[in-house]
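What follows is a short report on a single structure.
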């Protein structure tokens, strides 16, 4: 059974700090991993993807993958109020994406 | 490109009525996905198509739900008869798979309320 687990939050982080979002998955056959951001009332949009162990950086965002621990994380540096949203972790096993329920992130000005 | 287009954006109907949701994927994409999102269950995959062929409908909750993709530019999700527990936001997404990379682009969603 494919499962993706995230802490629902809310996670409250002061502006300018680092926000750390975590995700675990149960299917060891999973090959690629995605982070989507969803603003309230809007549709999810892709912000990062990763498929190799280690870190991948894109601007203020860093995705981290540890396949041995079945763990994916997203770091947001210099957090801005505009980063306040729900962040969905998604796992791809070549037959579609399985999404976690998301972590609600609040950046406090 | 206009992105994934869904209609209607909002639908309010009464229990027992038929509901049809529509989706136009991004041109050139070969995968189309239907999702349902609720607070309790999060974002759930209902069904997906590859080159207009349904591949996996194991997420379809019951026989009241059906989906079709008659051509590469159009898909429908039908609920008949509708029930209050079907109230949710329904998203359509499309993608073009390239190796391990499979970015799905989501439409704006249809907010369905069944009274």
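Protein chains in written order, with the working numbering: chain A, -17 to 91; chain B, 390 to 504.
Don't be surprised by glycine CBs; every beta carbon is placed ideally from N, CA and C.
Fair warning: this is a prediction, and the values are worked out from it, not measured in the lab.
{"query": "Identify, in the order they occur along the chain, each residue of the same chain with its Cβ nearer than 7 Å to the Cβ of residue -11 of chain A, setting aside the five sequence neighbours on each side.", "result": "4, 85"}
{"query": "Are the beta-carbon atoms of residue 494 of chain B and residue 392 of chain B separated by less than 8 Å?", "result": "yes"}
{"query": "Could you check which residue in A:19, A:51, A:31, A:62 has the C-alpha nearest to that of residue -4 of chain A?", "result": "A:62"}
{"query": "For the beta strand (DSSP E) containing residue 30 of chain A, list its first residue and its last residue.", "result": "27 to 32"}
{"query": "Given that residue 25 of chain A touches chain B, what residues does it touch there, using C-beta distances under 8 Å?", "result": "480, 495, 496, 497, 498"}
{"query": "Using the DSSP secondary-structure output, state which residues sit across from residue 74 of chain A in a beta bridge.", "result": "A:14, A:79"}
{"query": "Can you find at least 3 beta carbon pairs, one from the stretch 459 to 466 of chain B and one from the stretch 431 to 448 of chain B, that sit closer than 8 Å?", "result": "yes"}
{"query": "By Cβ distance, which residues of its chain are closer than 7 Å to residue 476 of chain B, with the 5 residues on each side in sequence left out?", "result": "501, 502, 503"}
{"query": "Tell me whether residue 60 of chain A sits in a helix, a strand or coil according to DSSP, three-state version.", "result": "coil"}
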